[in-house]
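Below is one structure, written out as structure tokens, with a few remarks after it.
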Amino acid sequence: MNTGATRPYEGGCACRHVRYRMTTKPLFVHCCHCRWCQRETGSAFALNALIEPEHVELLQGEVEVVDTPSYSGEGQKISRCPKCRIAVWSNYAGAGDAIRFVRVGTLDEPDRLPPDIHIYTASKQPWVILPTDTPAVAEYYRAADHWSPESLQRRAALYANRSR
Ligand SMILES: [Zn+2]
Ligand SMILES: [Zn+2]
């Protein structure tokens, strides 16, 4: 399903073995400043586009799923290119397989998906200056407080389908 006139978002790993396409715009985009994301990326934060797995098409190659410890202690599954090992998306234990966290930096046009929220800013690197017009929270947040009605509806449909 392609909602509206949005052109697809394509991306992939560094060696181009893995290529994927998001067929609709994501539910929400997190910029996470937690220590775990800092360590995983080797950088100051992670940028993740949250989307239903059925809206992510693997165009080429395959991913290797790596079990990785996570902040919650419940672990996460990081999908990586089996050749160059770049991570293209992950699934956290909390949301299970329902919601995929696509790494925005692996998109061909990452500029199209700026963060909708900054999370875990309590551990933000002090030199990162956040824009004043984007919500920012010290830790996590409730989707109902920040997601668009359309995204909340898509999320509700997702969980309804899963419990069937
Ligand atoms: Zn690769
Ligand atoms: Zn994080």
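So my numbering is basically just the index in the sequence shown, starting at one, shifted up by 774.
Idealized CB from N, CA, C, for every residue including glycine.
Note that the structure is a prediction, hence the values are computed from the model and not measured.
Q | residue 805 (DSSP reduced to helix, strand or coil) | A | Residue 805 sits at position 31 when you count from the first residue of the sequence shown. Strand, per DSSP.
Q) Under a Cβ-count criterion, where at least 16 other Cβ atoms within 10 Å of its own Cβ denotes burial, should residue 935 be classed as buried or exposed? A) As a first step, residue 935 is located in the sequence shown; it is residue number 161 there, counting from the start. Residue 935 should be labelled exposed.
Q. What do you reckon, is the C-beta of residue 857 under 7 Å from a heavy atom of ligand 1?
A. In the sequence shown, counting from the first residue as 1, residue 857 sits at position 83. True, at least one ligand heavy atom lies under 7 Å from that Cβ.
Q: Check whether the stretch 778-797 touches the stretch 910-922, counting contact only when three or more Cβ pairs, one atom from each stretch, lie closer than 8 Å.
A: In short, these stretches do not touch, since the Cβ pair count stays below three.
Q. Residue 897 and residue 807 look like a contact to me (Cβ under 8 Å); what is the Cβ gap, rounded to whole Å?
A. Mapped onto the sequence shown, residue 897 falls at position 123. Mapped onto the sequence shown, residue 807 falls at position 33. 6 Å between Cβ atoms; contact.
Q: Alpha carbon to alpha carbon, how far is residue 824 from residue 872? Give it in angstroms, no decimals.
A: Within the sequence shown, the letter at position 98 stands for residue 872. Within the sequence shown, the letter at position 50 stands for residue 824. Cα to Cα, the separation comes out at about 10 Å.
Q: Look at residue 834 and residue 878 and say whether their C-beta atoms are less than 8 Å apart.
A: Indexing the sequence shown from 1 puts residue 834 at position 60. Indexing the sequence shown from 1 puts residue 878 at position 104. Not in contact: residue 834 and residue 878 (Cβ atoms no closer than 8 Å).
(Q) Nearer than 7 Å: is that true of the beta carbon of residue 969 relative to any heavy atom of ligand 2? (A) In this structure the chain extends from 775 to 938, so residue 969 is not present and cannot be described.
Q) Which runs of the beta strand (DSSP E) spanning at least 3 residues fall entirely within the stretch 805-887, listed in chain order? A) 820-825, 830-834, 838-842, 850-854, 861-866, 874-877
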